[in-house]
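Comments concern the structure below.
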Amino acid sequence: MALYLSALFNTMESYVQDTVFEHQNFSETGLGYKEIDSCKFNSCNFSNVDLSNVQFTDCEFHSCNFSMTRINHTAFRNIQFNDCKMIGLRFDECHTFLLSFQFYSCQLDYSSFYQLQIKDGVFQNCRLLEVDFTEADLSSANFTGSDFSGAVFSYTTLNGADFRGVRNLSLDPEINPLQNAHFSSDGIQGLLVKYGILIS
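Everything in the sequence shown is counted per this note's numbering, starting at 1 for the first residue and increasing by one.
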């Protein structure tokens, strides 16, 4: 009986639901949970925290710092990030089952989405400096208003993606499928870099 109660207590301690976290510095305390459901995190610091094997479901993050956070086998299921700093994250190491997230006005510099399936993903008004999208499936993704300086697209599926209003985009349409993708007239230049064609 004692062993059962101990196991039950440990399970309860590792699970949290419908909770709002404000201004928490998890870099000092650690997260302390393995399953997080329907929670909100406002202005929290996750920098250099090991979130490996943690499962997030239906959560929102606002103005949080995830720089260099470890996310090996971390599950992100229907997650929204707003105005978050997320430098150098290896999203390609996440748990891929039901992977779904949306980024609004986030800094994702030097992060990797290598080979991930992120159909209908949202990267709106984000900074994506030198982000690696190699061999990812980003069909119907929303990239509107984002900055792609140095971002890598190589054999990336971009059919139906929305690139309207983006900046510093450079990708090769011969190796990156773009059927029915949307571009602003001033964004077409990024598709012609390899050909040396200038549009004025």
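Even for Gly, the Cβ is constructed at its ideal location relative to N, Cα and C.
Query, Result
"Straight-line gap, ASP186 to GLN124 (C-alpha atoms, nearest Å)", "18 Å"
"Proximity to ASP18 [Cα-Cα], best of LEU51, GLN24, ALA181, THR57", "THR57"
"Cβ neighbours of GLY165 in the same chain (closer than 7 Å, five flanking residues each side left out)", "THR144, GLY145, SER184"
"Length at least 3, wholly inside the stretch 64-98: the beta strand (DSSP E) runs in chain order", "75-82"
"N- and C-terminal bounds of the alpha helix (DSSP H) containing THR29", "26-29"
"Distance between LYS34 and LEU8 (C-alpha atoms, nearest Å)", "Reliability of the predicted coordinates at LEU8 is poor, the pLDDT of 38 falling under 50, and no value is obtained from them."
"Best match in LYS119, VAL122, GLY150, TYR114 for proximity to THR134 [C-alpha to C-alpha]", "TYR114"
"Beta-carbon contacts of ILE175 that lie in its chain and below 8 Å, excluding the five residues immediately before and after", "SER154, TYR155"
"Best match in SER63, ASN48, ASP172, GLY160 for proximity to LYS119 [C-alpha to C-alpha]", "GLY160"
"8 Å Cβ cutoff met for SER52 and ARG70", "yes"
"According to DSSP, residues forming a beta bridge with ASN42", "GLU22, HIS62"
"Within 8 Å, strictly: CB atoms of SER67 and ASP83", "no"
"Counterpart residues of ASP172 in DSSP-defined beta bridges", "Answer is none; ASP172 lacks a bridge partner."
"Segment limits, beta strand (DSSP E) that includes GLU35", "35-37"
"The beta strand (DSSP E) enclosing TYR15, as first and last residue numbers", "15-17"
"Candidates TYR15, GLU130, ILE79, GLN55: closest to SER149 by CA position", "GLU130"
"Classification of VAL122 by the beta-carbon crowding that lies within 10 angstroms, buried from 16 upward", "buried"
"THR57 - containing beta strand (DSSP E), residue span", "55-57"
"Pairwise C-alpha distance: ASN45 and LEU116", "26 Å"
"6 Å Cβ shell around ASN78 - same chain, five flanking residues per side excluded", "ASP58, SER100"
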